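Contents: one structure, followed by commentary.
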Amino acid sequence: MEFTEAYKQTGPCCFSPDARYLAVAVDYRLVVRDVVSLKVVQLFSCVDKISFLDWAPDSEYILCGLYKRPMVQAWSLSQPDWTCKIDEGPAGIAYARWSPDSRHILTTSEFQLRLTVWSLVNTACVHVQWPKHASRGVSFTKDGKFAAICTRRDCKDYVNLLSCHSWEIMSVFAVDTVDLAGVEWSPDDSAIVVWDSLLEYKVLIYSPDGRCLFKYLAYESGLGVKTVAWSPCGQFLAVGSYDQAVRTLNHLTWKTFAEFAHTASIRNPTNAAIFKEVDDPWQLDMSELCLSEGFPRNMQGNGAENGTEGGSRVKYAVMDAPITLPSQKPVTDKPNPKQGIGMLSWSSDSHYFFTRNDNMPTALWIWDICRLDLAAVLVQKDPIRAAAWDPNCTRLVFCTESPHLYMWTPSGACCVNIPLPNFRAVDLKWNSDGTCLLLKDRDSFCCAAIVSPLPEEEEADQSDVTSEDE
176 MEFTEAYKQT GPCCFSPDAR YLAVAVDYRL VVRDVVSLKV VQLFSCVDKI SFLDWAPDSE
236 YILCGLYKRP MVQAWSLSQP DWTCKIDEGP AGIAYARWSP DSRHILTTSE FQLRLTVWSL
296 VNTACVHVQW PKHASRGVSF TKDGKFAAIC TRRDCKDYVN LLSCHSWEIM SVFAVDTVDL
356 AGVEWSPDDS AIVVWDSLLE YKVLIYSPDG RCLFKYLAYE SGLGVKTVAW SPCGQFLAVG
416 SYDQAVRTLN HLTWKTFAEF AHTASIRNPT NAAIFKEVDD PWQLDMSELC LSEGFPRNMQ
476 GNGAENGTEG GSRVKYAVMD APITLPSQKP VTDKPNPKQG IGMLSWSSDS HYFFTRNDNM
536 PTALWIWDIC RLDLAAVLVQ KDPIRAAAWD PNCTRLVFCT ESPHLYMWTP SGACCVNIPL
596 PNFRAVDLKW NSDGTCLLLK DRDSFCCAAI VSPLPEEEEA DQSDVTSEDE
C-alpha cells in the first residue's frame, strides 16, 4: 500500500460521490482537496465550527452543519461566490441532509417538531410535522423519486411517502410498532422495512401502498433489534440483535433461512479460518556487538530492552479450533449496554457480510451467505473501531486505533503498518470507485491506495496469508 502524508482535520471528512474530491473540516473552514494530488481546490469559511459534512449526490454542492449555532451553510464547488444559509430560528436544527436531486435540503428541528424541505431553486419550503427522529427515520428510493419519512402523533407511528419532485405527501399509513427505531427502502424499491426500538423485537415489511407483507418476531423477552442491513442485491435482509445473533430473511417469502450465532468459543467441526493478531518483534543479532569497558552498565541494559520493544511489529497467526474469544460482561445498570451486533455490513457482491458483537469488541466475524457458514474470524489486540468493504471487490479493511491497518480477502488476511509517526486510525472510508482509502486519526487524516502487484508477484503471494506489509 502507498500512504500520503498526514493533514490536519478537526471534524468530519468525506469523499464526493463522484470520487474526485475530498471535503475536510478544519475548525470553521471547509477545505476541498483533489483526491489524486490532495491539493486544495477550494477553501470556504463558515460562521462557526463545522459539526457535519454532506456532499450533494451530484458532487456540485457541499452542506455544512453548524449545530452549535445552530445553522446550515451550503457551498457550490463550481461557483465559489454562491452560498446558502439556513437558520430555523428558535426551533433550531438537529440534523440536515440532501435530497436525491441535489437541489433540496432537508432539515430536522430540535425536539423533532418538524422536518423542512428547503429548495435551492426557488427558495420554497415544505414542512412535515412531528418527524420521529432527527438523523434516522428518513429513507429515499434508489431511483430518487420517493421518500419515506417516519412521524409520530397521538402515540402512534406513521410512514409518510412523499414525492421528491413536488414534495407532496402521496400516502400515509400507520405501522404496528410501539416505538419505531428506523426505516429503509429495499434496494429494488419494492418494499419498506421498519423495526421497533430495542425494548421489543419486531421487524415489519411493508409494500409502498401500506400493506404489511410480513411481521417477524424472533423472541418476546429481552432486548430486541440493534442493526438492520439490506444486501446490495436486495435478496437478503440481515437483522442483528442484542441476543448476539444475526438472522437473515429472503425477499420472496420474507421468512428466515439462516441464523448466525456469535458464541464466545469456536469449536470443531468448523471451516472458518481463524486469524489472531500477534506481536512480531524485530530479530536483532547482537552477538558480535562489542562495547567498551567504560560504557555505563545501566545504559547497556536499557538499550537492549528498548531495542526489542521499539522495533515491534504485528502479524496474523493462523489458529486452530477450539479457541475462546475475549469477551466483556455488559454493564446491566446503564442504558444501551455494549452487547449484541453493533456493526453489520454486506460486501458489494452480497456474498459476505461482517459483524462485530459489542461484548466481544476485538473479534470481527465474516460470514459466507452462499455456504450459510462462518468464513473467518479475526481476533485483534484492540477493539475494532471501523470497518469498510472495498466497493469494487471482496476486500475488507478495518482499524483498531493502532498504527496498523488490517485487511481480509477470501484468500487470506494481512496487517499493514501505517508509516506515519504517532498516527492511529480511528475511522476509515472508501471513495466510491475504490481507488482511495481515507484514514482518520484524532486530529489528522491521510489517504492510502492499494498498489496492484505484478502478475508473478501476485502468484507468489497467494500462498502467504500472513504477510506483514504490502
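Take the sequence shown: its letter number 425 is residue 600 in the numbering used here, and every next letter is one higher.
Where is the CB? At the ideal position from N, CA and C, for every residue including glycine.
All values reported here derive from a predicted model rather than from experimental measurement.
Residues near residue i in its chain [Cβ-Cβ closer than 6 Å; skip 5 each side]
i: Arg244; result: Asp223
i: Asp202; result: Thr185, Lys224
i: Met176; result: Val591, Ala623, Ile625, Glu645
i: Leu392; result: Tyr376, Lys377
i: Arg149; result: What is shown of the chain runs 176 to 645, which leaves residue 149 out entirely.
i: Ser226; result: Gly240, Tyr242
i: Thr431; result: Arg422, Leu424
i: Val301; result: Val292, Trp342
i: Asp602; result: Ala561, Lys615
i: Met535; result: Leu500, Ser502
i: Met246; result: Asp262
i: Ala249; result: Tyr236, Leu238, Cys259
i: Leu197; result: Phe190, Arg208, Val210
i: Val403; result: Trp370, Val414
i: Leu398; result: Leu373, Tyr417
Rounded straight-line distance, which links the Cα of residue j to that of residue i
i: Leu374; j: Ala200; result: 37 Å
i: Thr179; j: Pro596; result: 12 Å
i: Leu281; j: Val303; result: 10 Å
i: Thr537; j: Gly415; result: 18 Å
i: Pro497; j: Ala448; result: 12 Å
i: Asp364; j: His340; result: 17 Å
i: Lys451; j: Arg599; result: 20 Å
i: Val347; j: Pro383; result: 10 Å
i: Pro444; j: Lys331; result: 48 Å
i: Arg156; j: Phe411; result: Lying before the first or after the last residue shown, residue 156 is absent from the chain, which here runs from 176 to 645.
i: Leu613; j: Phe620; result: 7 Å
i: Cys388; j: Ala436; result: With the sequence shown as reference, residue 388 is identified as Leu, and Cys is not the correct amino acid for it. Each residue's alpha carbon lies about 26 Å from the other.
i: Trp605; j: Asp329; result: 42 Å
i: Val313; j: Cys325; result: 6 Å
i: Pro306; j: Leu379; result: 19 Å
i: Tyr182; j: Leu519; result: 30 Å
Bridge partner(s) assigned by DSSP for residue i
i: Leu539; result: Leu553
i: Ser152; result: Nothing can be reported for residue 152: it is not among the residues displayed for the chain, which extend from 176 to 645.
i: Met246; result: Leu241
i: Cys574; result: Ala561
i: Ser440; result: Thr499
i: Thr185; result: Per DSSP, none; premise fails for Thr185.
i: His152; result: This structure gives no information on residue 152, because the portion of the chain shown stretches from 176 to 645.
i: Phe178; result: Ala623
i: Gly415; result: Thr402, Val421
i: Ser382; result: Note: Ser382 sits in no beta bridge, so no partner.
Close-in-space but distant-in-sequence residues of the same chain around residue i (CB under 8 Å, 5 per side omitted)
i: Ser523; result: Pro407, Trp564, Asp565, Pro566, Asn567, Cys568, Thr569
i: Pro362; result: Lys317, Trp405, Ser406, Pro407, Cys408, Gly409
i: Met345; result: Phe321, Leu336, Leu337, Ser338
i: Glu395; result: Tyr376
i: Leu295; result: Tyr236, Ala249, Cys259, Arg278, His279, Ile280
Proximal residues to residue i (C-beta, below 7 Å), its chain only, five neighbours per side dropped
i: Val206; result: Val199, Val215, Leu218
i: Pro192; result: Trp230, Pro232, Ser234, Ser607
i: Ala309; result: Ala269, Tyr270, Thr283, Gln287
i: Gly267; result: Pro245, Ser284, Glu285
i: Asp548; result: Asn446
i: Gly319; result: Pro275, Asp276, Cys339
Taking only runs that begin and end inside the segment 579-631, name each unbroken beta strand (DSSP E) of 3 or more residues, in chain order. 579-584, 587-592, 602-605, 612-615, 619-624
Which residue spans inside the segment 213-298 form an unbroken beta strand (DSSP E) run of at least 3? Taking 3 residues as the shortest admissible run, the segment 213-298 contains the following complete beta strand (DSSP E) segments, listed from N- to C-terminal end: 215-220, 227-230, 236-241, 246-251, 258-261, 270-273, 279-283, 289-294.
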